[in-house]
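2 protein chains.
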Amino acid sequence: MTSDAVPAHAPLELENFLPYRLSILSNTVSQSIAEEYTGRFELSMTEWRVMAVLARFADLSAREVAERTRMDKVAVSRALARLVEAGRVDRSIHDGDKRRSVLKLSEAGWAIHDEVAPLAREHERELLARLDVAEREQLNRILDKLLAP
Amino acid sequence: MTSDAVPAHAPLELENFLPYRLSILSNTVSQSIAEEYTGRFELSMTEWRVMAVLARFADLSAREVAERTRMDKVAVSRALARLVEAGRVDRSIHDGDKRRSVLKLSEAGWAIHDEVAPLAREHERELLARLDVAEREQLNRILDKLLAP
DNA sequence: GATTTATAGTTTCACCTGTAACCATTTGCA
DNA sequence: TGCAAATGGTTACAGGTGAAACTATAAATC
Numbered sequence: 001m002t003s004d005a006v007p008a009h010a011p012l013e014l015e016n017f018l019p020y021r022l023s024i025l026s027n028t029v030s031q032s033i034a035e036e037y038t039g040r041f042e043l044s045m046t047e048w049r050v051m052a053v054l055a056r057f058a059d060l061s062a063r064e065v066a067e068r069t070r071m072d073k074v075a076v077s078r079a080l081a082r083l084v085e086a087g088r089v090d091r092s093i094h095d096g097d098k099r100r101s102v103l104k105l106s107e108a109g110w111a112i113h114d115e116v117a118p119l120a121r122e123h124e125r126e127l128l129a130r131l132d133v134a135e136r137e138q139l140n141r142i143l144d145k146l147l148a149p
Numbered sequence: 001m002t003s004d005a006v007p008a009h010a011p012l013e014l015e016n017f018l019p020y021r022l023s024i025l026s027n028t029v030s031q032s033i034a035e036e037y038t039g040r041f042e043l044s045m046t047e048w049r050v051m052a053v054l055a056r057f058a059d060l061s062a063r064e065v066a067e068r069t070r071m072d073k074v075a076v077s078r079a080l081a082r083l084v085e086a087g088r089v090d091r092s093i094h095d096g097d098k099r100r101s102v103l104k105l106s107e108a109g110w111a112i113h114d115e116v117a118p119l120a121r122e123h124e125r126e127l128l129a130r131l132d133v134a135e136r137e138q139l140n141r142i143l144d145k146l147l148a149p
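Listed below in structure tokens is the structure:
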């Protein structure tokens with residue numbers, strides 16, 4: 001039996017490494033939702049996120065959309081260009097500040113939103129169905145803590 | 001006061017929508033770890049993931065790396081090309097199956113691993129420091145359930 | 001044993017992404 | 001007022017990414 005002179009390496013156990021587990025879970029969930037709307041509506045995930053924010057908060061500027069979605073402002077700018085082009089978002093210019101845009105869902109945008117939102121909620125429901133009531137509360141509390149600034 | 005003839009839209013409350021919260025958390029965490037090694041070691045996130053898997057399980061094939069990292073096989077192929085080129089991974093050919101490659105970290109690869117791994121663990125520690133012991137156990141149990149196939 | 005089918009891995013293509021540079025407008029301040 | 005600094009948003013560039021096609025090898029079937 002050889003003595004262990006050289007200290008052993010200490011590889012991460014990825015399967016127990018929290019950042020890794022979060023990444024796998026998040027990608028799996030987001031992608032399974034995205035699969036449902038990308039095909040049906042020619043809607044990218046970033047576009048959907050922008051629409052979801054505008055559904056909840058009207059008359060935001062592009063910068064505010066970026067803040068709320070935590071997306072890059074360039075990504076938002078491009079998503080908005082496509083959404084406006086497709087007639088899903090109405091863009092006007094802010095009174096008194098010609099740099100700011102004022103954004104809201106169009107009728108067509110709302111129509112899509114009203115189909116996609118329940119679908120997204122259904123996925124969330126399926127995911128949460130794996131947990132009991134106590135666990136759901138725990139998860140919410142834990143996420144609140146981990147997401148706090 | 002106008003009567004509400006048209007049914008109201010029901011926008012998602014993104015800030016309480018589980019898939020969205022998971023996505024924000026996962027991106028924030030992964031990126032803050034990545035910031036530490038991308039600059040210092042010219043190492044992309046996908047490359048690091050490949051290295052982490054090869055640290056834990058030697059002599060995998062590219063396909064097995066893809067399975068374990070849950071990355072696309074094309075992404076793995078390219079990450080491996082860069083890692084082999086940089087001398088961080090040794091690639092040989094499987095005895096008895098000339099299609100398979102046999103991958104392992106090189107000395108240089110291990111040296112980098114041994115610097116990055118503690119750094120990643122430290123980030124995990126900082127994140128978990130926001131939770132008490134009970135919450136950490138709860139989180140683990142919950143993630144086990146949500147990640148089960 | 002020859003031929004079809006499956007598998008490992010790479011390349012191509014079309015697109016998405018972030019960083020940095022940029023333009024227009026507004027704000028701060030001397 | 002005039003001018004520097006800050007801000008909202010877009011564009012250019014340099015990668016990174018997945019789907020599909022492709023090459024090489026192995027396994028299955030006849």
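Residue numbers (full-length UniProt numbering), protein chains in the order written: chain D, 1 to 149; chain Y, 1 to 149. From the three backbone atoms N, C-alpha and C, an ideal C-beta is built for every residue, glycine too. From a predicted model like this one, the values you see are computed outputs, not experimental measurements.
- Judged by DSSP in its simplified three-state form, K104 of chain Y adopts strand.
- Boundaries of the beta strand (DSSP E) around D90 of chain Y: V89 to I93.
- In the structure shown, L146 of chain Y falls within a helical segment according to DSSP collapsed to helix, strand and coil.
- The straight-line gap separating the alpha-carbon atoms of L14 of chain D and R91 of chain Y is approximately 22 Å.
- Note: L60 of chain D is bridge-paired with D:L103 in the DSSP secondary-structure output.
- Chain Y places a beta carbon closer than 7 Å to that of L12 of chain D, counting this residue as a contact.
- By the neighbour-count definition (other C-beta atoms within 10 Å, threshold 16), Q31 of chain D is an exposed residue.
- R63 of chain Y and V76 of chain Y have their C-alpha atoms some 8 Å from each other.
- The beta carbon of M71 of chain D sits closer than 7 Å to the beta carbons of T46 and R49 from its chain, once the five residues preceding and following it are set aside; these are given in chain order.
- Residue range L18 to F41 is occupied by the alpha helix (DSSP H) that includes P19 of chain Y.
- Counting other Cβ atoms within 10 Å of its Cβ, H94 of chain D stays below 16 and is therefore classed as exposed.
- In this structure, D:E115 is the residue among D:P11, D:A66, D:R21 and D:E115 with its C-alpha nearest to the C-alpha of E36 of chain D.
- If you draw a straight line from the Cα of R136 of chain Y to the Cα of L119 of chain Y, it comes to about 20 Å.
- By the Cβ-count criterion, A10 of chain D is exposed, with fewer than 16 other Cβ atoms from all chains shown falling within 10 Å of its own Cβ.
- Assignment of M71 of chain D by DSSP, reduced to helix, strand and coil, places it in the coil class.
- For P19 of chain Y, the closest Cβ of chain D is nearer than 7 Å.
- In summary, A81 of chain D is exposed, with fewer than 16 beta-carbon neighbours lying within 10 Å of its beta-carbon over all protein chains present.
- Counting only Cβ-Cβ distances below 8 Å, L103 of chain Y has no contacts in chain D at all, with the closest Cβ about 14 Å away.
- The C-beta distance from L54 of chain D to K98 of chain D rounds to 21 Å, too long to meet the 8 Å contact threshold.
- In terms of CA proximity to R130 of chain D, Y:K145 leads the group Y:A79, Y:E42 and Y:K145.
- Here the alpha carbons of S61 of chain Y and G96 of chain Y stand approximately 13 Å from one another.
- DSSP places P118 of chain Y in the helix class (H, G or I) of the three-state scheme.
- For I24 of chain Y, a Cβ of chain D is located within less than 7 Å of the residue's own Cβ.
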